[in-house]
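Student:
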Amino acid sequence: MERITKTDDRVHRPAGPWTPTVHRLLAHLHEQGFVAAPAPIALGDALETVSFVPGVAGEYPWTEDVASEAALVTSARLLRQFHDAAASFPLDDSVDVWSQAARVPVETVVHGDFAPYNVVYDGIAAVGVIDFDTAHPGPRVWDVASAVYRFAPFTTGADEGRPVPAFEDRITRAAEFCRAYGLDDRSRGMLVETITAGLVALVTTLETEAAAGNPKFVSDLAHGHADLYRADVAWLEEHGDRITAALR
Ligand SMILES: Nc1ncnc2c1ncn2[C@@H]1O[C@H](COP(=O)(O)OP(=O)(O)OP(=O)(O)O)[C@@H](O)[C@H]1O
Ligand SMILES: [Mg+2]
Numbered sequence: 645m646e647r648i649t650k651t652d653d654r655v656h657r658p659a660g661p662w663t664p665t666v667h668r669l670l671a672h673l674h675e676q677g678f679v680a681a682p683a684p685i686a687l688g689d690a691l692e693t694v695s696f697v698p699g700v701a702g703e704y705p706w707t708e709d710v711a712s713e714a715a716l717v718t719s720a721r722l723l724r725q726f727h728d729a730a731a732s733f734p735l736d737d738s739v740d741v742w743s744q745a746a747r748v749p750v751e752t753v754v755h756g757d758f759a760p761y762n763v764v765y766d767g768i769a770a771v772g773v774i775d776f777d778t779a780h781p782g783p784r785v786w787d788v789a790s791a792v793y794r795f796a797p798f799t800t801g802a803d804e805g806r807p808v809p810a811f812e813d814r815i816t817r818a819a820e821f822c823r824a825y826g827l828d829d830r831s832r833g834m835l836v837e838t839i840t841a842g843l844v845a846l847v848t849t850l851e852t853e854a855a856a857g858n859p860k861f862v863s864d865l866a867h868g869h870a871d872l873y874r875a876d877v878a879w880l881e882e883h884g885d886r887i888t889a890a891l892r
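All residue numbers in the sequence shown are consecutive under the working numbering, ending with 892.
(1) Am I right that V771 and A714 are in contact with their C-beta atoms under 8 Å? What's the rounded C-beta distance?
(2) Output the residues surrounding ligand 4, defined as those with a CB atom closer than 6 Å to any ligand heavy atom, in chain order.
(3) To the nearest angstrom, how far is the alpha carbon of G782 from that of D737?
(4) Do three or more CB pairs link the segment 843–859 to the segment 824–833 at distances below 8 Å?
(5) For A759, collect the residues of the same chain with a Cβ closer than 6 Å to its Cβ; drop the 5 residues on either side in sequence, then sort them by chain order.
(6) Looking only at its chain, what residues have a beta carbon closer than 8 Å to the beta carbon of N858, apart from the 5 residues adjacent to it on each side?
(7) Does the structure place the segment 655–664 close enough to the segment 689–705 that three or more beta carbon pairs sit under 8 Å?
(8) Using DSSP with H/G/I as helix, E/B as strand and the rest coil, what is A686?
(9) What number of angstroms, rounded off, separates the C-alpha of R892 from the C-alpha of T649?
(10) R784: buried (16+ other C-beta within 10 angstroms of its C-beta) or exposed?
(11) May I ask you to report which of helix, strand or coil DSSP gives E675?
(12) Taking the alpha carbon of L673 as the reference point, which residue from V754, A701, R747 has its own alpha carbon closest?
(13) Thinking G699 and V764 are a contact (beta carbons under 8 Å), I'd like their distance in whole angstroms, please.
(14) So does I648 have its beta carbon nearer than 7 Å to some heavy atom of ligand 1?
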């Protein structure tokens, strides 16, 4: 965590080529009244400074509060509010730089890693969303799918130290997330295949970045993350029909 430091009510994080664009996105969110995201404060060559979002990030292992139904529902509502606010961001290909390629159909700017560890909680209530490094233009379902994967969860290695809920409970949580978000029927029908597409993209990024020597991804690869995502793709292929049926 020494890459990320906190002083008073500010957070200093490594900046990338996409950070100027992300700061414009964060400013836009605040202009729209979505203040659950960090406010952009400063941008240097190597570091960015944003406001600290008060609360506790939902890191693993989940607390009872983060594992609660209320946390799930309020997280889904927060994602919806974020997407609604980001949808009016004035995209401009001639100046925007994102860390990920845009996904069609572009409906809004998606977060790219909307998971409990990037959501900030006040008790059982989701009150903030952080870490916009992977934001990029895309369809709402892209975020909802990866969020459901992390929140249900539909991953075998999601939460070290805490028993994974029973399959039926995880399906119920997936449906609950979609309901709280207000996801349309068409998107529900393609949710499982979108989770899979997201995992395949994640494996590609992981292996490409690790091969290029990016330390974070070298470490993730060494910790078996790519193998886990591949195993989860296989698991989703086996159980996808049951999940999709429950989402209708
Ligand atoms: N703006 C913020 N407000 C509140 N807490 C923050 C903020 N930015 C970062 N943090 C804290 O720092 C942690 C890591 O930050 P962040 O998620 O932005 O970076 P990261 O590169 O994804 O790191 P990690 O891989 O550990 O999640 C968060 O889990 C949270 O506890
Ligand atoms: Mg994070």
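Beta carbons are placed, not taken as given, at the ideal position from N, Cα and C, and that holds for glycine.
In this text the structure is predicted, and so the values were computed from the model without any measurement.
Tutor: On the basis of the data shown:
(1) For this step, residue 771 is matched to residue 127 along the sequence shown. For this step, residue 714 is matched to residue 70 along the sequence shown. Between A714 and V771 the Cβ distance is about 12 Å, and since that is not below 8 Å, they are no contact.
(2) Absence of ligand 4 is noted for the structure shown, with ligand 1 and ligand 2 being the only ligands found.
(3) To locate residue 782, count along the sequence shown from 1; it is residue 138. To locate residue 737, count along the sequence shown from 1; it is residue 93. Near 14 Å, if we compare the C-alpha coordinates of D737 and G782.
(4) Counting Cβ pairs under 8 Å, fewer than three are found: no touch.
(5) The sequence position of residue 759 within the sequence shown is 115, counting from 1. Excluding residues within five positions, the ones whose Cβ falls inside 6 Å are R794.
(6) Numbered from its first residue, the sequence shown carries residue 858 at position 214. Cβ within range, chain order: n/a, list empty.
(7) yes
(8) Numbered from 1 along the sequence shown, position 42 holds the residue referred to as residue 686. Of the three classes helix, strand and coil, the one that applies to A686 here is strand, per DSSP.
(9) Residue mapping note: residue 892 aligns to position 248 of the sequence shown, counting from 1. Residue mapping note: residue 649 aligns to position 5 of the sequence shown, counting from 1. Taking the straight line from one Cα to the other gives about 44 Å.
(10) As a working mapping, residue 784 is identified with position 140 in the sequence shown. Buried, because 16 or more other Cβ atoms sit within 10 Å of the Cβ of R784.
(11) Numbered from its first residue, the sequence shown carries residue 675 at position 31. Note: E675 maps to helix in three-state DSSP.
(12) Against the sequence shown, residue 673 aligns to sequence position 29. Selected option, being the one with the closest Cα: V754.
(13) What you label residue 699 is simply residue 55 of the sequence shown in a count that begins at 1. What you label residue 764 is simply residue 120 of the sequence shown in a count that begins at 1. Sure, about 4 Å apart at Cβ, within 8 Å.
(14) Residue 648 sits at position 4 when you count from the first residue of the sequence shown. Checking every heavy atom of ligand 1 against the Cβ of I648, one is found closer than 7 Å.
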